């Protein structure tokens with residue numbers, strides 16, 4: 001099932017429009033190319049609607065907001081009007097009022113297909129206040145085997161409330177559409193030592209949605225599994241003296257080589 | 001001939017002013033350092049004229065336009081007034097009116113030494129309308145052995161009309177000054193899986209122009225050959241498990257080590 | 001002594017707020033993660049004060065100024081009010097009036113804990129005029145064994161005048177608080193072929209300051225030694241065909257693995 005989602009990306013090579021932060025834009029573009037999609041980054045309000053209209057999906061990431069917000073609303077509304085999938089990555093929601101408010105205003109104005117963030121960011125969006133520490137999740141919020149049941153219920157409720165598939169990633173990843181929740185146990189802690197693994201996943205999720213528009217839950221789950229599996233493969237290939245910079249490259253390289261069979265064979269998930 | 005152009009970059013270490021997109025700015029800076037030049041990125045309208053005045057050449061890339069356009073005009077005009085080479089990379093021309101119009105207005109206002117793009121972008125600039133798919137060329141436009149004669153005539157005409165050397169890169173690269181056209185058959189398809197190889201080439205072209213101001217056609221052809229040769233060397237060094245992220249590094253590494261002899265020995269071109 | 005400074009970063013994992021250029025922001029984020037800190041990049045004037053308030057230190061880098069200046073002043077003043085360390089990296093001061101004036105206005109308005117730049121940038125700030133060539137130091141300014149005594153006196157005077165620890169990096173690095181000066185002889189020339197090694201060092205210095213707030217001189221000296229030692233380790237691991245792109249990754253990888261014992265054993269400095 002997941003493997004087919006991956007193959008559809010390679011077959012259709014969707015163009016993905018990213019309005020995203022300048023910190024990780026290059027890695028987002030390269031991971032989109034690695035998975036078989038084609039990236040375009042365009043944040044000027046004067047062109048975002050046209051670029052979205054050309055694209056198979058839109059990825060909005062609030063990692064650096066300066067002068068990008070107007071374009072986010074325009075592009076998101078156009079994507080909705082055209083029925084194109086839209087991903088929101090609410091980077092740092094909870095860390096500043098600007099981020100929290102921008103994310104909440106986006107959710108009010110735009111129908112998102114997937115909202116992907118860490119647990120602290122999603123809790124902030126659910127409750128209106130948060131304890132996000134910068135762009136990383138607060139340890140107190142972490143999804144663990146002990147807190148799993150509560151976390152699944154929370155993510156389901158959030159998906160139900162927003163109408164979006166919620167993808168909450170961390171040590172355990174949860175992807176839910178309010179009825180079914182994928183509980184995913186792939187990935188490696190070292191991914192947290194590479195800036196932008198979340199941003200890259202959001203971009204790749206947009207590619208999986210564009211190539212599999214009829215099943216956003218499965219498409220998002222496949223993207224999350226693919227990222228986790230590639231994090232594992234990348235770590236297996238890391239030599240002892242290599243660190244987080246080389247790991248970033250090996251992660252994208254693994255996405256470049258990932259095939260349906262490997263994804264199917266290595267994905268570890270249950271549906272609740 | 002080409003090797004001398006490369007050596008002149010290493011000898012003169014020109015400072016290159018880039019007004020370029022945030023997606024690939026880092027790679028552009030590192031490839032400039034790799035080829036022996038010195039990069040400076042400055043897009044604030046309040047300083048671009050001074051920075052251009054300090055620089056050996058100017059590279060204008062419209063990959064992300066937000067708040068950068070005013071500076072592009074100011075810097076370009078200053079470069080013209082000072083007789084410094086100027087490169088235009090019309091990234092995504094044809095994908096939005098903003099990009100098409102900005103590129104065309106730049107060409108009207110500024111005398112470019114080289115305009116480097118993919119075939120769809122250049123066709124857009126020639127005809128005023130385009131079918132650019134995001135930032136990648138449309139397959140229908142591709143320069144192949146079958147369409148070569150027509151493509152050479154088109155590129156010559158474009159160079160004649162704009163007064164710039166036209167560098168159209170793809171599976172076959174064409175570099176023309178209206179009279180002579182370099183038809184270059186270096187490079188590897190994998191280069192299309194790395195974001196910004198075009199941007200990097202435009203930056204490197206500016207370095208070659210700065211170091212070889214008396215022969216822009218040969219300088220641009222040498223830069224295009226150098227990029228293609230390095231794409232080949234990088235692929236030869238790629239291990240089976242490595243993908244597009246590592247390839248990017250090996251490409252820049254190859255530029256770092258490229259010498260005149262290797263460039264001369266591996267460049268595959270004819271002049272039409 | 002230096003090793004303890006490094007360990008304090010890993011123990012406290014400080015959040016570092018960076019208002020920094022888009023060219024090297026990704027590398028700055030990854031080197032902060034490598035040394036054990038947590039990066040946040042936020043330059044929107046509407047949020048910088050809140051982000052600074054959450055952070056252990058603030059790093060202001062003027063590498064690309066477009067639309068970032070207002071936020072720099074707001075964040076810097078907030079950091080001062082809260083007693084948080086603040087680093088200034090005056091990238092390209094001397095190359096344009098905008099850069100020189102912005103750096104000088106920042107120094108007048110904000111109490112910096114450390115000002116880190118190359119010798120030409122610091123001379124520009126000291127004298128009000130400069131000969132900075134783009135973002136690289138002018139060869140005529142270089143700190144060598146011959147000019148060392150004069151350079152130490154200059155750096156001490158600059159530290160005394162500004163009240164900041166001055167960190168002037170180049171072939172020989174000087175870190176001074178007006179009374180004592182660390183003369184550091186680590187590092188490799190190849191570091192100059194990687195864009196943003198200075199930016200990365202400034203970001204890492206902010207992390208060392210946040211983790212060692214009571215001794216800014218020693219913290220800054222430890223960060224400078226760590227960067228130089230990692231430059232050496234990275235070069236030892238570089239294979240003959242590898243160049244500046246891979247060197248960048250090996251440099252960050254080395255920071256990821258650096259421990260107190262290695263830093264203590266390899267740091268080469270004297271105090272004058």
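Protein chains in written order, with the numbering used here: chain B, 1 to 272; chain R, 1 to 272; chain L, 1 to 272. C-beta: ideal position from N, C-alpha, C; glycine also. Small disclaimer: the values here were computed from a predicted structure and weren't measured.
- The beta carbon of residue 31 of chain R is closer than 7 Å to those of 200, 203, 204, 252, 255 in its chain, skipping five residues each way along the sequence.
- One Cα belongs to residue 149 of chain L, the other to residue 140 of chain L, and the distance between them is close to 16 Å.
- Listed in chain order, the non-local C-beta contacts of residue 176 of chain L below 6 Å within the same chain comprise 155, 156, 159, 166, local neighbours out to five positions each way being set aside.
- Within chain R, no C-beta atom comes less than 9 Å from the C-beta of residue 240 of chain B; the nearest is roughly 17 Å away.
- Counting other Cβ atoms within 10 Å of its Cβ, residue 242 of chain R reaches 16 or more and is therefore classed as buried.
- For residue 22 of chain L, the neighbours in chain B by C-beta distance under 7 Å run, in chain order, 22.
- Annotated as distal: residue 19 of chain B and residue 38 of chain B, with beta-carbon spacing of 8 Å or more.
- For residue 79 of chain B, the CB contacts under 6 Å within the same chain, skipping 5 residues up- and downstream, are 52, 58, 86 in chain order.
- When beta bridges are read from the DSSP output, residue 93 of chain B appears opposite B:96.
- Minimum Cα-Cα distance from residue 259 of chain L among the listed residues L:178, L:47, L:35, L:77 corresponds to L:35.
- In this structure the stretch 87-96 of chain R lies against the stretch 106-113 of chain R, because at least three pairs of beta carbons, one per stretch, are closer than 8 Å.
- Listed in chain order, the alpha helix (DSSP H) runs fully inside the stretch 168-251 of chain B are 197-211, 216-236, counting runs of at least 4 residues.
- DSSP, reduced to helix, strand and coil, places residue 38 of chain B within a strand of the structure shown.
- Using a Cβ-Cβ distance cut-off of 8 Å, the stretch 43-51 of chain L and the stretch 96-103 of chain B are in contact, since at least three pairs of beta carbons, one from each stretch, lie closer than that value.
- In the structure shown, the three-state DSSP call for residue 117 of chain L is strand.
- Residue 258 of chain R carries a coil assignment under DSSP once its states are collapsed to helix, strand and coil.
- In the structure shown, residue 149 of chain L adopts helical secondary structure according to DSSP, grouped into three states.
- With a beta-carbon spacing of about 5 Å, residue 5 of chain B and residue 219 of chain B fall inside the 8 Å limit used to define contacts.
- In this structure, residue 195 of chain L sits near residue 33 of chain R, with a CB-CB distance shorter than 8 Å.
- Its Cα nearest to that of residue 192 of chain R, the residue R:244 stands out among R:261, R:263, R:237, R:244.
- Residue contact with chain L for residue 99 of chain B: present (Cβ-Cβ distance below 8 Å to some residue of chain L).
- Rounded to the nearest whole angstrom, the C-alpha separation of residue 272 of chain B and residue 151 of chain B is 12 Å.
- Contacts with chain B at 8 Å (Cβ-Cβ) include residue 33 of chain L.
- Judged by DSSP secondary structure, residue 51 of chain B falls within the alpha helix (DSSP H) whose first and last residues are 48-54.
- Contacts between residue 51 of chain R and chain L, judged by CB atoms closer than 7 Å, involve 95, 96 in chain order.
- DSSP places residue 61 of chain L within a strand segment (E or B) once states are collapsed to three.
- For residue 82 of chain L, the number of other beta carbons within 10 angstroms of its own is below 16, and it is reported as exposed.
- The three-state secondary structure of residue 166 of chain R, taken from DSSP, is strand.
- Nearest Cα to residue 55 of chain B within the set B:229, B:7, B:209: B:209.
- Going by beta carbons, residue 170 of chain R and residue 142 of chain R fall inside the 8 Å limit.
- For residue 25 of chain R, the chain L residues whose Cβ falls inside 7 Å of its Cβ are 22, 23, in order along the chain.
- In this structure, residue 14 of chain R sits away from residue 114 of chain R, with a CB-CB distance that is not shorter than 8 Å.
- Interface residue (Cβ-Cβ distance to chain L less than 8 Å): residue 28 of chain B is not classified as such.
- Shown here for residue 270 of chain L: same chain residues with a beta carbon closer than 7 Å to its own, the five before and five after excluded, namely 183 in chain order.
- Taking 8 Å as the CB threshold, residue 38 of chain L lines the interface with chain B.
- When Cβ-Cβ separations below 8 Å define contact, residue 269 of chain R makes no contact with chain L.
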